[in-house]
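Participant: Below you will find the structure I want to go over with you.
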Amino acid sequence: MEIDSFLRKLPKVELHAHLNGSLSRSTMLELQRYYADSGMTDNMNAFFDEFEMAAGDPRSFSDCFQVFRIAHNLTTTPSALEIALFSTLKEFQDDGCCYIELRSTPRDTQYMSKRQYIDTLVKSIRTSPQHLTIITRLIISICRHSPLADAEEIADLAIEFYKSYPDIVVGIDFSGNPTVGSFKDFVPALSRAREAGLKVTLHCGEVFNPSEVQEMLEFKPERIGHGTCIHPKYRGTDETWVNLCKSRIPVELCLTSNVNSKSISDYDSHHFKYYYTAGIPLVICTDDKGVFSTSLSHEYKICAETFHLEPSKLAELSLKACDYIFAEDMRTKVKEIISNFVQKNC
Ligand code: 6MZ
-12 MEIDSFLRKL PKVELHAHLN GSLSRSTMLE LQRYYADSGM TDNMNAFFDE FEMAAGDPRS
48 FSDCFQVFRI AHNLTTTPSA LEIALFSTLK EFQDDGCCYI ELRSTPRDTQ YMSKRQYIDT
108 LVKSIRTSPQ HLTIITRLII SICRHSPLAD AEEIADLAIE FYKSYPDIVV GIDFSGNPTV
168 GSFKDFVPAL SRAREAGLKV TLHCGEVFNP SEVQEMLEFK PERIGHGTCI HPKYRGTDET
228 WVNLCKSRIP VELCLTSNVN SKSISDYDSH HFKYYYTAGI PLVICTDDKG VFSTSLSHEY
288 KICAETFHLE PSKLAELSLK ACDYIFAEDM RTKVKEIISN FVQKNC
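The numbering of the sequence shown is this note's numbering, which starts it at -12 and goes up by one.
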């Protein structure tokens, strides 16, 4: 089998994908049609070209946090949110993804509250149409540049929905522009969620901030996202690197996102190679496949080409990712799906 086809067919696990950053152009067009059909013309102004930050885009790292507004403008009602969800899940499924922990930040909009936002996602996942066979779980995000009161409210809602729907809601995420806000301030909200049973993933070390990286690693989240500035060669320190190596917290790596948002200069220089060589648990993810014009199989292909990984090693990466799934009851099942494919094709 040629490599593109192998990587698309390889059952894969997506553990770091933000819903509103994952909207494709065709999903955005579908949403635009929905708003037009509903007579809500204020949402017609979607600047699709500005949404995508392809390779070589002149905008800066901080600029990428502005583009999410374009997607947010298209997911303001429960129906629009459901369209965005189903369309995005279908795209992940068509790309060979068999299990996804999708994350999203609940927002109050003109047409729904944060509670309705979560309720819509949870109920839509539970009642997904038959053609969606991808196993889906939800991680609720807290944004580091939102007021603390919002974070507290989201933590309360996450706990409430986790208690009612433990089969869907599995974790809480800390994300947003890393140059704004301080992790310390959000520890009480995140700790409450964790005490209630939610697993925690933190965007960690996206920019130079070794003291915050230390605080995050000491918090002992179940996973971290990006982990860019942790190794001393990557604007981290000996201490942060040693700490990560000791704690062996799994890292969600998003290569194209890091390159296109300019936190890493090119694929060859990506920290993947240090993590892989050091045996740090890692999982290949997309982050925002709409914004960064990528797909999960494409991310695997970049790893194959840049770091010269054979198909069997790529299949191993997919298989290992199962150990870091928050929904522990799903690990064996997802492993079986991947193992069956590997036995027949590797
Ligand atoms: C940190 C990110 C991010 O939640 O509205 N988000 N946070 N680093 C990143 N790396 C580029 N990419 C996305 O999806 C969009 C939101 O996810 C977070 C940002 O808070 C963004 O507004 P949702 O579905």
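Ideal Cβ placement from N, Cα and C applies to all residues, glycine included. None of the values given here were measured: they were computed from a predicted structure.
(1) To which residues of the same chain is A58 closer than 6 angstroms at the C-beta, ignoring the five residues directly before and after it?
(2) Closer than 6 angstroms by C-beta to E39: which residues in its own chain qualify, once you throw out the five before and the five after it? Chain order, please.
(3) Please go through the stretch 115 to 154 and give each complete beta strand (DSSP E) segment of 3 or more residues, from N-terminal end onward.
(4) Whole angstroms are fine: how far does the CA of R235 sit from the CA of L16?
(5) For N60, count neighbouring Cβ atoms within 10 angstroms of its own Cβ and tell me buried if that reaches 16, exposed if not.
(6) Classify T91 as helix, strand or coil using the three-state DSSP reduction.
(7) Can you grab the Cα-Cα spacing for the pair N247 / V194, in whole Å?
(8) Leaving out five residues on either side along the sequence, give the residues of the same chain with a beta carbon under 6 angstroms from the beta carbon of S100.
(9) From R179, C85, S47, pick the residue whose C-alpha is nearest to that of M317; which is it?
(10) So, is H257 buried or exposed, given that buried needs 16 or more other C-beta atoms within 10 angstroms?
(11) Given this structure, state the Cα-to-Cα distance separating E303 from I324, to the nearest angstrom.
(12) Kindly indicate which residue of P219, A265, S25 has the alpha-carbon position closest to the one of C232.
(13) Classify S128 as buried or exposed, calling it buried when 16 or more other Cβ atoms lie within 10 Å of its own Cβ.
(14) Closest to F148 by C-alpha separation, out of F34, E(-11), Y104, S178, would be which residue?
(15) Would you report the Cα separation of R12 and C191, rounded to the nearest angstrom?
(16) Got a sec, what are the start and stop residues for the beta strand (DSSP E) V0 sits in?
(17) Along the chain, which unbroken stretches of the beta strand (DSSP E) at least 3 residues long are found entirely within the stretch 232 to 292?
(18) Exposed or buried, T107, counting other C-beta atoms within 10 Å across all chains shown (16 or more means buried)?
(19) Any heavy atom of the ligand 6MZ inside 8 angstroms of the beta-carbon of D275?
(20) Excluding the 5 residues preceding and the 5 following T96 in the sequence, name in chain order all residues of the same chain whose CB lies nearer than 6 angstroms to its CB.
(21) So, I126 versus F313, is the Cβ gap smaller than 9 angstroms?
(22) Determine the burial state of G26: buried for a count of at least 16 other Cβ atoms within 10 Å of its Cβ, exposed for fewer.
(23) Can you name, in chain order, every residue of its own chain whose Cβ lies under 7 angstroms from the Cβ of E69, other than the five neighbours on each side?
(24) For the ligand 6MZ, is there any heavy atom lying closer than 8 angstroms to the beta carbon of F73?
(25) Enumerate in chain order the residues of its own chain whose CB-to-CB distance from D253 is below 8 angstroms, with the five nearest sequence positions on each side excluded.
(26) Report the start-end ranges of each alpha helix (DSSP H) in the stretch 9 to 81 that is 4 residues or longer and not cut off at the edges.
(27) Is the beta carbon of E88 closer than 9 angstroms to that of V157?
Facilitator: So, from the data block:
(1) Within the sequence shown, the letter at position 71 stands for residue 58. N7, L10.
(2) As a first step, residue 39 must be located in the sequence shown, where it is residue number 52. Answer for E39: S280, listed in chain order.
(3) 122 to 130
(4) Indexing the sequence shown from 1 puts residue 16 at position 29. Indexing the sequence shown from 1 puts residue 235 at position 248. In a straight line, the C-alpha of L16 is about 42 angstroms away from that of R235.
(5) Sequence index remark: in the sequence shown, residue 60 carries index 73 (1-based). By the neighbour-count rule (16 or more Cβ atoms within 10 Å), N60 is buried.
(6) Counting from 1 along the sequence shown, the entry for residue 91 is found at position 104. The residue you asked about is not Thr; residue 91 is Ser in the sequence shown. Three-state DSSP puts S91 in a strand.
(7) Against the sequence shown, residue 247 aligns to sequence position 260. Against the sequence shown, residue 194 aligns to sequence position 207. Approximately 15 angstroms between the Cα atoms of the pair.
(8) To locate residue 100, count along the sequence shown from 1; it is residue 113. None.
(9) Counted from its first residue, the sequence shown places residue 317 at position 330. Among R179, C85, S47, the Cα nearest to that of M317 belongs to C85.
(10) Taking the sequence shown and counting its residues from 1, one reaches residue 257 at position 270. By the neighbour-count rule (16 or more Cβ atoms within 10 Å), H257 is buried.
(11) Looking up residue 303 in the sequence shown gives position 316. Looking up residue 324 in the sequence shown gives position 337. Roughly 13 angstroms separates the two Cα atoms.
(12) Along the sequence shown, read from residue 1 onward, the residue named residue 232 stands at position 245. Looking at the Cα atoms, A265 is the closest of the given residues.
(13) To locate residue 128, count along the sequence shown from 1; it is residue 141. Looking at its Cβ environment, which holds 16 or more other Cβ atoms inside 10 Å, S128 is buried.
(14) Locating residue 148 in the sequence shown gives position 161, where the first residue counts as 1. Closest option to F148, Cα to Cα, is Y104.
(15) On the sequence shown, residue 12 is found 25 positions in, with the first residue counted as 1. On the sequence shown, residue 191 is found 204 positions in, with the first residue counted as 1. Cα-Cα distance, rounded: 29 angstroms.
(16) Working through the sequence shown from its first residue, we reach residue 0 at position 13. Residues -1 to 5.
(17) 238 to 240, 269 to 271
(18) As a working mapping, residue 107 is identified with position 120 in the sequence shown. Buried, by the Cβ-count rule.
(19) As a working note, residue 275 is residue 288 in the sequence shown. Under cutoff, so the answer is yes.
(20) As a first step, residue 96 is located in the sequence shown; it is residue number 109 there, counting from the start. Contacts found: T63.
(21) If you number the sequence shown from 1, residue 126 lands on position 139. If you number the sequence shown from 1, residue 313 lands on position 326. Yes; because the gap between Cβ atoms is below 9 angstroms, this pair is in contact.
(22) For the purposes of this step, residue 26 is identified with residue 39 of the sequence shown, where counting begins at 1. G26 is exposed by the Cβ-count criterion.
(23) The count along the sequence shown starts at 1 and reaches residue 69 at position 82. Counting only Cβ-Cβ distances below 7 angstroms, and skipping sequence neighbours, we find T107, S111.
(24) Translated into positions along the sequence shown, residue 73 becomes position 86. Not under cutoff, so the answer is no.
(25) Taking the first residue of the sequence shown as position 1, residue 253 is located at position 266. Closer than 8 angstroms at Cβ, skipping near neighbours: V246.
(26) 12 to 24, 35 to 38, 51 to 59, 65 to 81
(27) Indexing the sequence shown from 1 puts residue 157 at position 170. Indexing the sequence shown from 1 puts residue 88 at position 101. Yes; because the gap between Cβ atoms is below 9 angstroms, this pair is in contact.
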